[in-house]
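Mapping of the sequence shown onto full-length UniProt numbering: residues 1 to 72, in sequence order. No residue lacks a Cβ here, since even glycine has one placed at the ideal position from N, Cα and C. For reference, the structure discussed in these notes is given below.
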Amino acid sequence: MLASRIIEIDGVFLGTMIKERSSTQFRFHAIHESVRALHARIIAEPTDLIRQAAILLRRARSTVHARTMAQA
Numbered sequence: 001m002l003a004s005r006i007i008e009i010d011g012v013f014l015g016t017m018i019k020e021r022s023s024t025q026f027r028f029h030a031i032h033e034s035v036r037a038l039h040a041r042i043i044a045e046p047t048d049l050i051r052q053a054a055i056l057l058r059r060a061r062s063t064v065h066a067r068t069m070a071q072a
């Protein structure tokens with residue numbers, strides 16, 4: 001591992017982006033359940049993954065909110 005970067009969106013720790021020594025690409029290690037679909041994904045541009053993670057997190061939050069409102 002050459003470098004890593006924590007991915008946090010809206011104050012929620014989602015995972016870590018790891019740059020491999022032998023590559024210019026990054027691998028995402030998902031921690032938060034909302035971004036599990038991105039786990040182990042290899043990407044060339046970190047901003048693409050951050051954008052995708054933000055979409056998944058916010059979608060998961062809106063789904064939980066909608067379920068809560070339906071039960072009330």
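- prompt: Per DSSP, GLY11 is paired with what?
  reply: Answer is none; GLY11 lacks a bridge partner.
message: Measuring only the C-alpha atoms, how far is ARG9 from ALA54?
response: The sequence given here has Ile at residue 9, not Arg. Using only the alpha carbons, I get a separation of about 6 Å.
task: Could you tell me if LEU2 is buried or exposed, where buried requires 16 or more neighbouring beta carbons within 10 angstroms of its beta carbon?
output: exposed
- prompt: Since ALA30 is in the beta strand (DSSP E), which residue starts that stretch and which ends it?
  reply: 26 to 30
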